[in-house]
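Residue numbers (this note's numbering): 1 to 375. Using N, Cα and C, we set each Cβ at its ideal position, and we do this for glycine too.
Below is the structure:
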């Protein structure tokens, strides 16, 4: 039999959940809800307190509720499911780096206009259980309208969604610079999407092979081939729809590609490990291109979860060079490319922001000149 304290806690939690649901539905605002598991070690209560405090602040001080069996719920108000997934992904990475611990079982869903306490929690539990049963560390997510894991090849489901909400957002990148456009789906048939686009951007799409699609009711980003463009009608046809578990659209912060070579060195405890050329960078991460011979040392001993030091120079507004030195953690190794998550201090972050803004201005000018060639 439940103790009085547990009964009271359950009543309070249910009341908070129902209040969040009611507020979002009454104000017609998006609400994402996240469930994750974490085995609490009561012998190290200070560690757990610090961890929860970090999660609370990282989620913008939204409600965090304790549930049975070492599970917790976070509400992300005014947050659509794409943004929620991005926030949680960043949070997991930062927890892994800051606390040297992992949160592996996560379910995410989006509140539907007709959801009740039971339907919302049942759907959330479904994705959490799927994550727990998965052999791989993974976040599972879905909405009431679209269950990616059951219906990813079901064209009828997509057709119903596009009829319900025809608005989609297209994402492309020009040397890292994001180019977005809101468009409407005019027709969806046999896996082909017909849309009307801004005629000013036609020249840009004519040199692209694919685009990324974001829809508020579809939890996964869709990559689509640009199959046909009709300039006279400003129409574009997309095909070969591919649902992505992660995509450039979900990056945290703006990413740019350097105008000229920027060489960087990676070291451990003041001992240089390797050198490489920066392919792209943002405030939070850097991608390096490394020669295969220099990469051998790292692939033999990848140093996952190890704090490294990344150092390079970037140009300033006056064309001088300024030094960037920051902590870095290895995120992935793909062929000869190394992806590093970085945690710059305020000064270094300011330098990076200035460089990114400077590079953005240059890229916008370049893009305008490219588009003029087609006029």
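In chain order, what residues of the same chain have a beta carbon less than 7 angstroms from the beta carbon of residue i, not counting five sequence neighbours either side?
| i | result |
| --- | --- |
| residue 210 | 223, 224, 225 and 226 |
| residue 38 | 70, 72 and 103 |
| residue 188 | 158, 159 and 162 |
| residue 1 | For residue 1, the pLDDT reaches just 45, beneath the cut-off of 50, and the residue's location in the model is therefore unreliable, leaving the point undetermined. |
| residue 292 | 336 |
| residue 342 | 284, 285, 286, 310, 326, 327 and 328 |
Have a look at the options and flag the residue whose alpha-carbon is nearest the alpha-carbon of residue i.
| i | options | result |
| --- | --- | --- |
| residue 167 | 350, 218, 4 and 178 | 218 |
| residue 49 | 66, 261 and 332 | 66 |
| residue 284 | 75, 59, 76 and 94 | 94 |
| residue 272 | 169, 294 and 351 | 294 |
| residue 79 | 125, 128, 24 and 120 | 24 |
| residue 260 | 230, 241 and 319 | 319 |
| residue 249 | 3, 4, 145 and 171 | 171 |
| residue 317 | 275, 362 and 311 | 362 |
| residue 347 | 323, 9 and 186 | 323 |
| residue 87 | 60, 116, 345 and 135 | 60 |
| residue 221 | 155, 207 and 85 | 85 |
| residue 303 | 321, 274, 216 and 312 | 274 |
| residue 332 | 4, 298 and 360 | 298 |
| residue 206 | 9, 228, 212 and 190 | 228 |
| residue 359 | 178, 143, 92 and 342 | 178 |
| residue 77 | 27, 136 and 105 | 27 |
| residue 190 | 216, 164, 180 and 156 | 156 |
| residue 184 | 204, 135, 238 and 142 | 238 |
| residue 164 | 181, 149 and 145 | 145 |
In the DSSP assignment, what residue or residues form a beta bridge with residue i?
| i | result |
| --- | --- |
| residue 97 | DSSP output for residue 97 lists no bridge partner at all. |
| residue 315 | 321 |
| residue 378 | Outside the modelled stretch of the chain, which goes from 1 to 375, sits residue 378, for which no answer is possible. |
| residue 249 | Per DSSP, none; premise fails for residue 249. |
| residue 193 | 188 and 238 |
| residue 263 | 277 |
| residue 140 | 107 |
| residue 286 | 281 and 340 |
| residue 332 | 339 |
| residue 268 | 271 |
| residue 243 | 222 |
By Cβ distance, which residues of its chain are closer than 6 angstroms to residue i, with the 5 residues on each side in sequence left out?
| i | result |
| --- | --- |
| residue 355 | 314 |
| residue 107 | 35, 124, 127, 128, 131 and 140 |
| residue 308 | 266, 268 and 328 |
| residue 234 | 196, 197 and 199 |
| residue 231 | 202 |
| residue 96 | 102 |
State the start and end residues of the unbroken beta strand (DSSP E) segment that holds residue i.
| i | result |
| --- | --- |
| residue 172 | 167-174 |
| residue 214 | 210-215 |
| residue 342 | 337-343 |
| residue 226 | 218-230 |
| residue 202 | It is not in any beta strand (DSSP E) - residue 202 instead sits in the alpha helix (DSSP H) that spans 202-206. |
| residue 51 | Here residue 51 belongs to no beta strand (DSSP E); instead the alpha helix (DSSP H) covers 45-58. |
| residue 14 | Element bounds for residue 14: not the beta strand (DSSP E) but the alpha helix (DSSP H), 4-27. |
| residue 71 | 71-77 |
| residue 34 | 31-37 |
| residue 65 | 64-67 |
Can you tell me the Cβ-Cβ gap for residue i and residue j, rounded? I've got them flagged as a contact below 8 angstroms.
| i | j | result |
| --- | --- | --- |
| residue 290 | residue 278 | About 11 angstroms; that fails the 8 angstroms criterion. |
| residue 82 | residue 175 | With 8 angstroms as the limit, residue 82 and residue 175 do not qualify as a contact, their Cβ atoms being about 23 angstroms apart. |
| residue 340 | residue 367 | Not a contact, Cβ separation roughly 27 angstroms. |
| residue 13 | residue 31 | Residue 13 to residue 31, Cβ: 16 angstroms. No contact. |
| residue 305 | residue 118 | In fact, because the Cβ distance is near 40 angstroms, the residues do not count as touching under 8 angstroms. |
| residue 75 | residue 62 | 5 angstroms |
Go to residue i, then tell me how far its alpha helix (DSSP H) extends in each direction, as first and last residue.
| i | result |
| --- | --- |
| residue 118 | 117-133 |
| residue 157 | 155-164 |
| residue 254 | No alpha helix (DSSP H) holds residue 254; DSSP gives it neither H nor E. |
Excluding the five sequence neighbours on either side, which residues of its own chain have a C-beta within less than 8 angstroms of the C-beta of residue i, listed in chain order?
| i | result |
| --- | --- |
| residue 121 | 17 |
Please find out if some non-hydrogen atom of the ligand SAH comes closer than 7 angstroms to the beta-carbon of residue i.
| i | result |
| --- | --- |
| residue 206 | Of ligands this structure carries none, so the ligand SAH is not represented either. |
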